[in-house]
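Report on the following structure.
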Ligand SMILES: Cc1cc2nc3c(=O)[nH]c(=O)nc-3n(C[C@H](O)[C@H](O)[C@H](O)COP(=O)(O)OP(=O)(O)OC[C@H]3O[C@@H](n4cnc5c(N)ncnc54)[C@H](O)[C@@H]3O)c2cc1C
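In our numbering, the protein residues as written are 83 to 366.
Here it is, written out as structure tokens:
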């Protein structure tokens, strides 16, 4: 690792001032579980300064005002797993956080770092997109809110400017009749990144008909998105194995229409379809 300057900041104002001063010569450090690995690589540009935001207390809370949940970016995966509010109103996010890395990684790794690193295998992103999350990006001069699904350009690249800091992630609480799930498939059971994953939410009326459906695959498409083509097949229908199989096949079809046929398609084509069916079944 080549030398760089290290600055610990203690407030959002201080962080955005230093970011404004250094721009693309700065990198933000939260838990460091992605950044420090990246900085050790030979082909990566060494920043002039690494700004450690991990001491900013105001960026580490989970609140639930007026039917919404507000997550600050320094919330760790362990804190998501043990949060009663997340368990009750966004249990698919809790499921995703619970299978990230190992206990050590979950204790250090943050939800903000997981989002901003933009790896296709980032486990908190599919649930957050299924939940309709919005994020706030702050710079010294500006603050803007965007849909999380609009943040990503391609793997490891976001639309955030170099001087912008992620300060908030918010979404509506799931209604009591919404059921959700997150399924991840790794190469082994522990300490494995996602080969594929699926976040799903299903809402039914009192007659059992599906009134709302959200399906977001992970590590399947170049950028995450809800697969509305498959969701539409479910709306107005009563759940059945055949229906869920059809929805899974549609997700598989949509994936191939985006990625084309590649070396991994032979594996991913049937597997994503099965994972979608299982995620939908797990909702119920
Ligand atoms: C052994 C191991 C296993 C892992 N397993 C998994 C896994 O199963 N699933 C998974 O999804 N991930 C996994 N990861 C990846 C990593 O732990 C997560 O992505 C973690 O959430 C990153 O958070 P962090 O706080 O450590 O981010 P950092 O490393 O501190 O930062 C990551 C990136 O985000 C930027 N950043 C951080 N915070 C902000 C902010 N507030 N505003 C703007 N930019 C910001 C940083 O500049 C950097 O580019 C694993 C990593 C390791 C080392």
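From the three backbone atoms N, C-alpha and C, an ideal C-beta is built for every residue, glycine too.
Considering residue i, what are the terminal residues of the beta strand (DSSP E) in which it resides?
| i | result |
| --- | --- |
| residue 284 | 276-286 |
| residue 220 | 216-220 |
| residue 262 | 260-268 |
| residue 227 | 225-229 |
| residue 297 | 292-300 |
| residue 120 | First-last for residue 120: 117-121, but that is the alpha helix (DSSP H), not the beta strand (DSSP E). |
| residue 210 | Careful: residue 210 lies outside any beta strand (DSSP E), inside the alpha helix (DSSP H) at 207-212. |
| residue 153 | 150-153 |
| residue 90 | 87-90 |
Does the separation of the CB atoms of residue i and residue j fall below 8 Å?
| i | j | result |
| --- | --- | --- |
| residue 304 | residue 279 | no |
| residue 116 | residue 189 | no |
| residue 283 | residue 270 | no |
| residue 113 | residue 214 | no |
| residue 292 | residue 321 | yes |
| residue 231 | residue 211 | yes |
| residue 357 | residue 332 | no |
| residue 237 | residue 260 | no |
| residue 138 | residue 111 | no |
| residue 220 | residue 98 | yes |
| residue 256 | residue 172 | yes |
| residue 165 | residue 187 | no |
| residue 182 | residue 176 | no |
| residue 94 | residue 161 | no |
| residue 206 | residue 178 | yes |
| residue 184 | residue 273 | yes |
| residue 359 | residue 327 | yes |
Since residue i is in the alpha helix (DSSP H), which residue starts that stretch and which ends it?
| i | result |
| --- | --- |
| residue 236 | Not the alpha helix (DSSP H): residue 236 falls in the beta strand (DSSP E), residues 234-236. |
| residue 256 | Neither: residue 256 is in no alpha helix (DSSP H) and is coded neither H nor E. |
| residue 319 | It is not in any alpha helix (DSSP H) - residue 319 carries neither H nor E in the DSSP assignment. |
| residue 367 | The structure shown does not extend to residue 367, since the chain is modelled only from 83 through 366, so no value can be given for it. |
| residue 164 | 159-164 |
| residue 175 | 173-180 |
| residue 109 | Per DSSP, residue 109 belongs to no alpha helix (DSSP H); it is in the beta strand (DSSP E), 108-111. |
| residue 188 | 185-190 |
| residue 98 | 94-104 |
| residue 126 | Here residue 126 belongs to no alpha helix (DSSP H), and DSSP marks it neither H nor E. |
| residue 197 | 193-199 |
Buried or exposed: residue i, going by 16 or more other Cβ atoms within 10 Å of its Cβ?
| i | result |
| --- | --- |
| residue 233 | buried |
| residue 350 | buried |
| residue 340 | exposed |
| residue 195 | buried |
| residue 119 | exposed |
| residue 126 | exposed |
| residue 301 | buried |
| residue 366 | exposed |
| residue 209 | buried |
| residue 334 | buried |
| residue 313 | buried |
Inter-stretch contact at 8 Å, needing at least 3 Cβ pairs: the region 130-139 / the region 89-97: With a cut-off of 8 Å on Cβ pairs, the region 130-139 is in contact with the region 89-97, counting three or more such pairs.
Three CB pairs or more closer than 8 Å across the region 223-233 and the region 257-266: no
Cβ contact (3+ pairs, closer than 8 Å) linking the region 307-323 and the region 237-253: no
Three CB pairs or more closer than 8 Å across the region 147-161 and the region 249-260: yes
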